[in-house]
Amino acid sequence: MVEYSTKQISPILLEELKEALKSVSPYGSVEIQVQDSLVIQITVRNIKKTLPMQAPRRVLKNTTGN
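Heads up, the sequence shown is in my numbering, so the first residue is 24 and it goes up one at a time.
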């Protein structure tokens, strides 16, 4: 389990973290659980945002005659 140590970060752990970050799309988070200086869990959360209702846009009329 040395490859998941937080004392000496290995290329394997860096690759795991990079893949977790790449999988967050387009909103979300990556949570890293550490116990006894070892990464024991990487949790990826993806969030689906809903768009708020937007009022229709008004078009202003040109009243100057131009």
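Every residue, glycine too, gets a C-beta built ideally from N, C-alpha and C.
Note that the coordinates shown come from a computational prediction; the quantities given were computed from them, not determined experimentally.
- In this structure, the alpha-carbon of Leu44 lies about 19 Å from that of Glu26.
- CA-CA distance, Pro49 to Asn69, rounds to 8 Å.
- DSSP places Ile63 in the strand class (E or B) of the three-state scheme.
- Annotation: the continuous alpha helix (DSSP H) that includes Ile35 extends over Pro34 to Lys45.
- Around the CB of Leu36, 16 or more other CB atoms lie within 10 Å, so the residue is classed as buried.
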